[in-house]
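Below is one structure; the comments refer to it alone.
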Amino acid sequence: MLPYSRYLKGGGRKLMLSDVDNKKQGYKILIAVMPFVALLVALFLGGVLIFSVGINPWKAYGYMFRSLFSNIFLFSETFVHFVPLLFCSLSFAVGVKGQFINIGIEGQLYFGALIATLAGIYIQCLPAFIHIPLVLLAGVIGGVFLFGIAGILKIKFGVDEIISTLMLNYLAIFLVDFMVTYPLKPPNTYIPQSEKIAESARLLPLIAGTQINLGLILSLLVAVIIYYYVYRSPYGYQIRVVGASSNVAKYAGIDILKSTISVIIIAGGLAGLAGASMLIGAQHKLVPAFSSGYGFQAICTSVLAKNNPLWIILTALLFSFIQVGVGSMHRNAGVPLSLCWVIQGMIMVMITSSEYLTSKFSANLVGGRA
Amino acid sequence: MKTNKVFLGILVLVFVALMMASTLAFTEPLKLKVVMLFANPITSEAWNLNCFKGLMRAKEDFDVDILYQESVSDGEFPGVLRSSIMEGADLIIVNELYRTEPTLEMAEQYPDTMFAVCYGTKGADNVASVGGTNWEANCLSGAVAGAMTETNTVGFMIATDSPIAHNYLNAGFIYGARWTNPEVKVLTTYVGSWDDILKGKELVISMIDAGVDIVYSQSGKANQIAVQVCEGKGVWAIVTPSNDMIDVAPKTVVAVSTLVADEIVYGIVEDMVKGNLQGGLVVKGIKEGVEDIYFNPLLIDKVPENGIERVMELRQKIIDGEVTIEKIREELTKENIIF
Numbered sequence: 003m004l005p006y007s008r009y010l011k012g013g014g015r016k017l018m019l020s021d022v023d024n025k026k027q028g029y030k031i032l033i034a035v036m037p038f039v040a041l042l043v044a045l046f047l048g049g050v051l052i053f054s055v056g057i058n059p060w061k062a063y064g065y066m067f068r069s070l071f072s073n074i075f076l077f078s079e080t081f082v083h084f085v086p087l088l089f090c091s092l093s094f095a096v097g098v099k100g101q102f103i104n105i106g107i108e109g110q111l112y113f114g115a116l117i118a119t120l121a122g123i124y125i126q127c128l129p130a131f132i133h134i135p136l137v138l139l140a141g142v143i144g145g146v147f148l149f150g151i152a153g154i155l156k157i158k159f160g161v162d163e164i165i166s167t168l169m170l171n172y173l174a175i176f177l178v179d180f181m182v183t184y185p186l187k188p189p190n191t192y193i194p195q196s197e198k199i200a201e202s203a204r205l206l207p208l209i210a211g212t213q214i215n216l217g218l219i220l221s222l223l224v225a226v227i228i229y230y231y232v233y234r235s236p237y238g239y240q241i242r243v244v245g246a247s248s249n250v251a252k253y254a255g256i257d258i259l260k261s262t263i264s265v266i267i268i269a270g271g272l273a274g275l276a277g278a279s280m281l282i283g284a285q286h287k288l289v290p291a292f293s294s295g296y297g298f299q300a301i302c303t304s305v306l307a308k309n310n311p312l313w314i315i316l317t318a319l320l321f322s323f324i325q326v327g328v329g330s331m332h333r334n335a336g337v338p339l340s341l342c343w344v345i346q347g348m349i350m351v352m353i354t355s356s357e358y359l360t361s362k363f364s365a366n367l368v369g370g371r372a
Numbered sequence: 003m004k005t006n007k008v009f010l011g012i013l014v015l016v017f018v019a020l021m022m023a024s025t026l027a028f029t030e031p032l033k034l035k036v037v038m039l040f041a042n043p044i045t046s047e048a049w050n051l052n053c054f055k056g057l058m059r060a061k062e063d064f065d066v067d068i069l070y071q072e073s074v075s076d077g078e079f080p081g082v083l084r085s086s087i088m089e090g091a092d093l094i095i096v097n098e099l100y101r102t103e104p105t106l107e108m109a110e111q112y113p114d115t116m117f118a119v120c121y122g123t124k125g126a127d128n129v130a131s132v133g134g135t136n137w138e139a140n141c142l143s144g145a146v147a148g149a150m151t152e153t154n155t156v157g158f159m160i161a162t163d164s165p166i167a168h169n170y171l172n173a174g175f176i177y178g179a180r181w182t183n184p185e186v187k188v189l190t191t192y193v194g195s196w197d198d199i200l201k202g203k204e205l206v207i208s209m210i211d212a213g214v215d216i217v218y219s220q221s222g223k224a225n226q227i228a229v230q231v232c233e234g235k236g237v238w239a240i241v242t243p244s245n246d247m248i249d250v251a252p253k254t255v256v257a258v259s260t261l262v263a264d265e266i267v268y269g270i271v272e273d274m275v276k277g278n279l280q281g282g283l284v285v286k287g288i289k290e291g292v293e294d295i296y297f298n299p300l301l302i303d304k305v306p307e308n309g310i311e312r313v314m315e316l317r318q319k320i321i322d323g324e325v326t327i328e329k330i331r332e333e334l335t336k337e338n339i340i341f
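Just so you know, the protein sequences line up as chains H and S, in that order.
Per our numbering, the first sequence starts with residue 3, numbered consecutively.
Per our numbering, the second sequence starts with residue 3, numbered consecutively.
Structural data, given as structure tokens:
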């Protein structure tokens, strides 16, 4: 018998304390590697499907990884997707914390880009260090304005924000379509698009030839700020309490209206910032249908990260990798597009499902049932 | 905790090794590399399918590496274009005219890569914009519609409401309709998308309810449903872009406004292979055999005889350069006709 050992009863079996420690260690390892395993399983199943259509899966995945990691120029393409997706996912996460299910992030992104475009084109003769923040601020105002409409409808009239934000998407997207086809379209072109924004409003790449610009750094900074605001500040605490239970918030003396308005401003602003960052980063002009559905992808990205801003950085990066990678797989290896989408979906489903197992193992750890 | 770190470290190493091994698993063939980027799925409508057919025919006939990507959205397009360039494409073909500008901007940054835009509106030293006129075949379709209508009201359904739709497609169609029938009224509607079949159906029904007895549909996926609605309502239809559309309703489709997209794409690849592909704007119309009007042999007797003569007369004037889109717009503007 080992010194200081105790016999524990559990399920009819007697366990050694050292056995409990070993099992806890095992669960910790499983929790840590579960997403990797889920990804590998999804890739394996995807490989089977690729093989079934007569394509070498090794080659297909080779193209996928090569497009991401072979050189910095290709790698940087991921950030074109990453930056707006991160902003949009942060927007959704903040909304959820405040009990706002914001399905209108896509529309807020478009409207933010529209207002930012106006600031970028019609405000001239400013130095870049003033013009760029001004354009970003314009984007924030655009996003807040659109989400604010849904917010007012909810506060004043009890309109479900899922419906109102969803419908506002169409308003914003088609408004942009109209604006670039008529009022904003330069007279010397037949293509629906706005003029280019002033040079002082454009972000230049930090590394020539890549898509790495200040927008990337800004998005990461904002993610950290949002984390600290939501999880480490009293205002964020109030938002979370209101989101968890408005009755508890009321009895705790929290100003619910003020907290709700904060959520609208932050969440709407983040979505608008996504649009503005796309404008000043890569596009430099407003065109129809410029977004790849980041507002809707944000929902999955945020949920997978459990609405934690710091985890959202990783999930947004993962989804950006997948989006760029499957495109390359389709283009270079000839994997049918629909199959690429199946593989993309499978990766997301497997990783999301792994969360279930992770939470089970975590429960075992916390509950001491190991 | 130490075990965790070691385990995770091994896992990361395995992952990285797999990644690196997979990139070495194949060798790059040293052939001319052509990449074509489609805005929509290749099966979504005849335009994309015909472009794809031309591409595959070029793959069979020439010793080139042909790659393609479908459903490249507007948002993704610049990134995919850049990735294709980084991956060593010698020629990138884009089959969407609204992507002319982003292609030109990218071409400026990468002068060593050749680009081609099907139906592009501008060219450059390393950008060959090759396509049709966007108005000649539509003009002839208008002429057929004007000749055949008994209610003096014809309908034109276009996919997207854009400056090109107004200034080329619609202007050409209205002019053609008035050429054979000066009293004709033209109802033009816009689906707003290349894919919205339901909206296309509703628009055709509403046009027919407004008195239209012949519908010309140039609206992507909605073309087929437009023909089916016309068949059900007993009115005539004209469609685009290829003759096989007659098979949808042989007793309804009186003519097809043809556009040989496959020849455009095949020609681009052929020129590239032979070293003849030049930058610039190349517009090909009826004279070059890229656009035309094709009458359904089963229904040609339904077209008034003088109508066919007038259509052919207009066709000749277009070939001879007597009728141009600039003159059409000028004339319609003088007569206060909105297009």
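Using N, Cα and C, we set each Cβ at its ideal position, and we do this for glycine too.
- Secondary structure note for residue 177(S): its alpha helix (DSSP H) is the uninterrupted segment 173–182.
- Residue 196(S) and residue 229(S) have their alpha carbons spaced roughly 16 angstroms apart.
- In this structure the segment 239–258 of chain S touches the segment 214–221 of chain S; the number of beta carbon pairs closer than 8 angstroms is three or more.
- For residue 42(H) and residue 332(H), the gap between their C-alpha atoms comes out near 19 angstroms.
- In this structure, the CA atom of residue 148(S) is about 26 angstroms from the CA atom of residue 263(S).
- With respect to chain S, the C-beta atom of residue 79(H) has a partner C-beta closer than 9 angstroms.
- For residue 187(S), the enclosing beta strand (DSSP E) covers residues 187–192.
- By the Cβ neighbour-count rule, residue 95(S) is buried, with 16 or more other Cβ atoms within 10 Å of its own.
- Judged by DSSP secondary structure, residue 117(S) falls outside any alpha helix (DSSP H) and instead within the beta strand (DSSP E) spanning 116–120.
- In the structure shown, the three-state DSSP call for residue 155(S) is strand.
- Only residues of its own chain outside the window of five on either side were considered, and among them 106, 163, 166, 167, 170 have a CB closer than 7 angstroms to the CB of residue 152(H), listed in chain order.
- Listed along chain H, no residue sits closer than 9 angstroms to residue 114(S) by beta-carbon distance, the nearest being about 13 angstroms off.
- DSSP places residue 77(S) outside any alpha helix (DSSP H), giving it a letter other than H or E.
- In this structure, residue 201(S) and residue 194(S) form a Cβ contact; the two beta carbons are roughly 7 angstroms apart against a cut-off of 8 angstroms.
- Residue range 311–335 is occupied by the alpha helix (DSSP H) that includes residue 328(H).
- Between residue 98(H) and residue 304(H), the C-beta spacing is below 9 angstroms.
- CA-CA distance, residue 272(H) to residue 69(H), rounds to 29 angstroms.
- Contact check for residue 211(H) and residue 81(H): beta-carbon distance about 13 angstroms, past the 8 angstroms limit, so the pair fails to qualify.
- Residues 108 of the same chain have their beta carbon placed closer than 7 angstroms to that of residue 298(H), with the five preceding and five following residues left out of the count.
- Per the coordinates, the alpha-carbon of residue 270(S) lies some 13 angstroms from the alpha-carbon of residue 35(S).
- Residue 326(H) belongs to the set of residues whose beta carbon lies under 9 angstroms from a beta carbon in chain S.
- Around the beta-carbon of residue 84(S), 16 or more other beta-carbon atoms lie within 10 Å, marking it buried.
- No beta strand (DSSP E) of 3 residues or more sits fully in the segment 41–80 of chain H.
- Residues of the same chain with a CB within less than 6 angstroms of the CB of residue 320(S), apart from the 5 flanking positions on each side, are 138, 288 in chain order.
- When Cβ-Cβ separations below 9 angstroms define contact, residue 171(H) makes no contact with chain S.
- Residue pairing by DSSP places residue 144(S) in no beta bridge whatsoever.
- CA-CA distance, residue 268(H) to residue 207(H), rounds to 27 angstroms.
- In the three-state reduction of the DSSP assignment, residue 260(S) falls in the strand class.
- Using a Cβ-Cβ cut-off of 7 angstroms, residue 177(S) is close to nothing in chain H; its nearest Cβ partner there is about 18 angstroms away.
- Around the Cβ of residue 209(S), a 10 Å sphere holds 16 or more other Cβ atoms; the residue is buried.
- With a 10 Å radius around the Cβ and a threshold of 16 neighbouring Cβ atoms, residue 127(H) comes out exposed.
- Contact between residue 268(S) and residue 59(S) holds, with the beta-carbon distance rounding to 5 angstroms and staying under 8 angstroms.
- Cβ-Cβ distances below 7 angstroms link residue 338(H) to 55 in the same chain, with the five nearest sequence neighbours on each side left out; the list follows chain order.
- Of all C-beta pairs linking the segment 71–84 of chain S to the segment 281–298 of chain H, three or more are shorter than 8 angstroms, placing the two stretches in contact.
- When the beta-carbon positions are compared, residue 309(S) and residue 150(S) come within less than 9 angstroms of each other.
- Under the 9 angstroms criterion on CB atoms, residue 268(S) is classed as non-interfacial with respect to chain H.
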